[in-house]
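Chains as they are written, first to last, in our numbering: chain A, -3 to 394; chain B, 4 to 365. For each residue, glycine too, the CB sits at the ideal point set by N, CA and C.
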Amino acid sequence: MADATNGKPKTEMLDELEKGPWPSFVKEIKAAADTNDSAKDLLGQLELSYHQKIGHWKHGGIVGVLGYGGGVIGRYCDIPEQFPKIAHFHTMRVNMPTGWFYTSDALRKICDIWEKHGSGITNMHGSTGDIILLGTTTDQLEPTFQELCKVGFDLGGSGSAVRTPSACVGMARCEWACYDTMKMCYDITQNYQDELHRPAFPYKFKFKFSGCPNDCVASIARADMSVIGTWKDDIQVDEGEVRKYASGQVDIQKDVCDLCPSKCMKWDGKNLSINNRDCVHCMHCINVMPKALAPGKERGAIILIGSKAPIMQGALLSSVLIPFVPAAELFDTIKELTTRIWDFWDEYGTNRERIGELIQRMGMPAFLDAVGLDPVPEMVAAPRDNPYVFYQTAKGGE
Amino acid sequence: MSTTPKAPRITDIGPPHYEKFLPPVVKKNYGKWKYHEVLAPGVLCHVGETGDKLYSVRAAGPRLTSIQTIRKFADLADKYCGGYLRYTSRNNIEFLTDKQENIEPLKADLAKIGFPVGGTKNSISNIVHTQGWIHCHSAATDASGIVKSVMDALCDRFTSHTMPGKLRIALACCLNMCGAVHCSDIAILGVHRVIPKVNEVQVPRVCEVPTLIASCPTGAIRPKTGPEGKPSVEIVAEQCMFCANCYTVCPALPINDAENDGISIWVGGKVSNARSAPKFSKLAIPYIPNNPPRWPEVVDAVVKIVDVYAKHARKYERMGEWIERIGWPRFFELAEIPFTRYHIDDFRHAGLTYARSAHVRY
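Dropping the structure here:
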């Protein structure tokens, strides 16, 4: 790649991606390349990938910081003679502040450290939620880590370990939070620092905390343990505000009652009546009329287990494990349950087997026995429809 | 040797406590918010029990962000928000202020530096995605380039509330799905289509053969004696469905292929419990070749699906809810997508997706 401006490589294809109304990652790499040579080589290599339709990164190697087994993803380019400045270009995962809140001061400190020790390129944020510091050399890992720690930041998880837990904005800015998601996420993260930094599991384990069934951190699809806020008592209704919505832009019958999945609401033109025993806590009516309706006052969470992406036995959604835990008991319940789940997983899990896959392989009943939970009908969409039952040996007429 | 004692090494401190980063109005109203309104696309107003108000201005982030741009955001937070801001779970930046008069000048400044404001209510929010060719070894496509091209075409859908319901797009550049796209209204997924090439010299040097064999979900990898009598493996081509799990555990089985890798498109997934239960995305388009820098065929396919949904779905209906109402045959007809053998599942529990009734629309 020939030199163009300010020592940056020629990037005919990538330049196309500087056009258009959406923010451009190419502009971002170029901004970093103004002062950083590895960003220049990254541009050059990416341009080559665009021409050849193939990536140029090798498998990760084992690199890291002293005493940790994770938090750094080793990355080496497969054509180092052509792009020597990214011969090693490792990622550091930095545990984000819960809820992704920052002060300008904290962001500038991270930027200053990354300007000194790395490429100046980040992801805000990675898929699991970490601040991703994209690209540095092996010798810079420990100094970067030490400086991050001095300003109060630590690395996140990688490999077969607890992955950086994440939470929705919760009580910080949402009236629907049925428990304190940010506190729960922070406390759990602090509680499992050893398991997060030193991989010792069959595979990864993710916690995600959502404050209500809208599930803004996708916990039901992406967490081994999904904690989703909900309530047990009646939806709170402000009749006056319901009527205001009705006289405004909301057709209560069509937009609310007809779309209720359990058809538990009636509207007579003046009053909204709710059969709360039939409510499945889906959030639709509350989403449509946030000024008029609110989750009940008896709040807590559902704990679900086992979701994951396809690798290796196919994608799973989490399924109900405990239908309701009062908010005040949530932290202790999660801790106790997690210990029992990890014991079972340690004992029976095979290499790269997520907890959801292990449950599929050994059966939910065996899993419930192992973690000491009684079966309840909320756990299933329907009881089994096949008669191949593993009856336990009958004892004296039982 | 230096006699200066070393400063104690700090480790295992975990993330900083979030309270340090909460604006005063948030601290004061923590757990006491009463309701919220969306004042305009990308502008939220949360009202506390005491009447306190917090305004959030949501701008699209590029995910891959230079420190130069982060510093610009920090400057804007200082100028308008007392130094406070947050990011969302979909790579958006939210500027947080209790001063309503700051909203318009902040929006104007964001427009000046090229960051669209939107992503609220019934809009298309930002795309969550993976690293692609920028930083991953197993990518079947780039991520950022497709996201940029798709959102250039859909930017108006981000900055307005013109969709029937929320529409969430996600992109993962291979089946590992660090982007976990499998429950999105539209998922763009990189796919490999040729079997891994076994480097028989490297296999015994860098891989554990039993682990490698166990890594295959379909049992397609078999042991074999390689050069010089050393252990190696062979792959039964008909049993390979290109998941690349073997490549993840063994670098000596590269699967990336410039001519055959590409994109598949999936539709109708959701995560939220609102109305219907969360659901997986289902296959719409099995394969589109990689065509950098702008992947026009992928952009056209996504825009077409968005337009058809926007035209036909009812208010509040998500993509999957709309398709379930009208039926999949009608979806394929409206979206003008050919239905092929690839659309019929043949992995575990495949029968669960077969039509097991006489309910057919003609």
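Given residue i as reference, the closest of the options once Cα atoms are compared
i	options	result
CYS176(B)	THR100(B), CYS246(B), THR53(B)	CYS246(B)
ASN259(B)	VAL201(B), GLY272(B), SER284(B), THR214(B)	VAL201(B)
ALA287(B)	LEU192(B), ALA261(B), TRP136(B)	LEU192(B)
ILE198(B)	LEU174(B), ALA240(B), HIS164(B)	ALA240(B)
ALA261(B)	PRO11(B), ALA62(B), THR144(B)	THR144(B)
LYS227(B)	ASP348(B), GLU203(B), VAL209(B), SER218(B)	GLU203(B)
ASN119(A)	ASP101(A), ASN91(A), PRO319(A)	ASN91(A)
SER162(A)	LEU144(A), HIS121(A), LYS105(A), GLY95(A)	GLY95(A)
MET358(A)	TYR344(A), ASP370(A), ASP264(A), PRO371(A)	TYR344(A)
LYS285(B)	ASP188(B), LEU256(B), LEU157(B), LYS110(B)	ASP188(B)
LEU215(B)	TRP263(A), SER45(A), MET308(A)	MET308(A)
ASN263(B)	VAL50(B), ALA43(B), HIS20(B), VAL194(B)	VAL194(B)
CYS281(A)	CYS164(A), VAL246(A), HIS113(A), ASP74(A)	VAL246(A)
ILE16(B)	GLY56(A), GLY70(A), LYS54(A), CYS145(A)	CYS145(A)
TYR175(A)	GLU325(A), CYS256(A), ASP37(A)	GLU325(A)
beta-carbon residue i near the ligand GDP non-hydrogen atom, thresh 7 angstroms
i	result
GLY63(A)	The ligand GDP is absent from the structure shown, which contains no ligands of any kind.
Residues that residue i bridges to, as DSSP identifies them
i	result
CYS73(A)	TRP53(A)
SER222(A)	LYS204(A), LEU300(A)
THR100(B)	TYR58(B)
TYR250(B)	Bridge partners of TYR250(B): none, in fact.
LYS282(B)	LYS273(B)
TRP36(B)	GLY51(B)
ALA43(B)	VAL46(B)
SER269(A)	LYS262(A)
MET88(A)	VAL68(A), LEU129(A)
ARG295(A)	TRP227(A)
MET120(A)	ILE127(A)
LEU13(A)	Note: LEU13(A) sits in no beta bridge, so no partner.
TYR87(B)	THR99(A)
VAL184(B)	VAL184(B) pairs with nothing; no bridge assigned.
ILE189(B)	ILE172(B), VAL270(B)
Contact set for residue i: own chain, Cβ-Cβ below 7 angstroms, skip 5 residues either direction
i	result
ALA28(A)	ALA35, SER115, GLY116, ILE117
GLY112(B)	The sequence shown places Asp at residue 112(B), not Gly. Closer than 7 angstroms at Cβ, skipping near neighbours: LEU79.
SER222(A)	LYS204, SER215, ILE216, LEU300, SER303, SER314
GLU349(A)	PRO198, TYR199
MET(-3)(A)	Legend: pLDDT at MET(-3)(A) = 46, less than 50; position of this residue unreliable, no value from coordinates given.
LYS233(B)	PRO207
VAL367(A)	LEU333, ARG336, ILE337, PHE340
ALA305(A)	ALA311
VAL316(A)	ILE298, LEU300, GLU374, MET375
Nonlocal neighbours in the same chain, by C-beta distance under 6 angstroms from residue i, ignoring five residues either side
i	result
GLU237(A)	LYS287, ALA288
THR124(A)	ARG159, THR160
GLU320(B)	PRO167, GLY168
CYS181(B)	THR133
GLU14(A)	SER20, VAL22, LYS23
LEU10(A)	VAL22, GLU43
GLU398(A)	Outside the shown range of chain A, which is -3 to 394, sits residue 398(A), and nothing can be said about it.
ILE347(B)	none
Cutoff 8 angstroms; reference residue i; Cβ partners in own chain excluding five residues on either side
i	result
ARG297(B)	GLY148, SER152
CYS1(B)	Absent from the structure is residue 1(B), since the part of chain B shown begins at 4 and ends at 365.
VAL301(B)	ILE149, SER152, VAL153, ILE191, ILE266, ILE268, ILE291, ASN294
Nearest-angstrom beta carbon gap, residue j and residue i [assumed within contact, 8 angstroms]
i	j	result
THR329(A)	HIS277(A)	No, THR329(A) and HIS277(A) are not in contact; Cβ-Cβ is about 19 angstroms, not under 8 angstroms.
TYR98(A)	ARG89(B)	6 angstroms
ILE291(B)	ALA338(B)	Between ALA338(B) and ILE291(B) the Cβ distance is about 14 angstroms, and since that is not below 8 angstroms, they are no contact.
ASP211(A)	VAL274(B)	5 angstroms
GLY148(A)	THR177(A)	Not a contact, Cβ separation roughly 21 angstroms.
LYS49(A)	ASN293(B)	5 angstroms
ILE106(B)	VAL46(B)	6 angstroms
ASN1(B)	ARG61(B)	No answer is possible for residue 1(B): the residues shown for chain B start at 4 and end at 365.
9 angstroms Cβ cut-off: residues of chain C touching residue i
i	result
ALA323(A)	Looking at the structure shown, chain C is missing, and the protein chains on hand are A and B.
> For the region 101 to 114 of chain B against the region 149 to 168 of chain A, are there 3 or more C-beta pairs whose distance is under 8 angstroms?
Replying inline: The answer is no - the region 149 to 168 of chain A does not touch the region 101 to 114 of chain B, with fewer than three Cβ pairs under 8 angstroms.
>> Using 8 angstroms as the cut-off, can you tell me whether the region 265 to 273 of chain A makes contact with the region 221 to 239 of chain A, which would need three or more C-beta pairs spanning the two stretches below that distance?
In response: Short answer: they touch.
>> Three Cβ pairs or more, each shorter than 8 angstroms: is that satisfied between the region 70 to 89 of chain A and the region 130 to 139 of chain A?
In response: Yes, they touch.
> Touching or not, the region 155 to 166 of chain B and the region 65 to 84 of chain A, by the rule of three or more beta carbon pairs under 8 angstroms?
Replying inline: In short, these stretches do not touch, since the Cβ pair count stays below three.
>> Is it the case that the region 55 to 65 of chain A contacts the region 26 to 37 of chain B, given that we only count it when at least three CB pairs across the two stretches are under 8 angstroms?
In response: Fewer than three pairs of CB atoms, one per stretch, sit closer than 8 angstroms, so the region 26 to 37 of chain B makes no contact with the region 55 to 65 of chain A.
> Does the region 117 to 127 of chain B come close enough to the region 137 to 147 of chain A that 3 or more CB-CB pairs lie under 8 angstroms?
Replying inline: Verdict: no, contact absent.
> Taking three-plus beta-carbon pairs below 8 angstroms as touching, is the region 59 to 77 of chain B in contact with the region 100 to 115 of chain A?
Replying inline: The region 59 to 77 of chain B makes contact with the region 100 to 115 of chain A: 3 or more CB pairs, one atom from each, lie closer than 8 angstroms.
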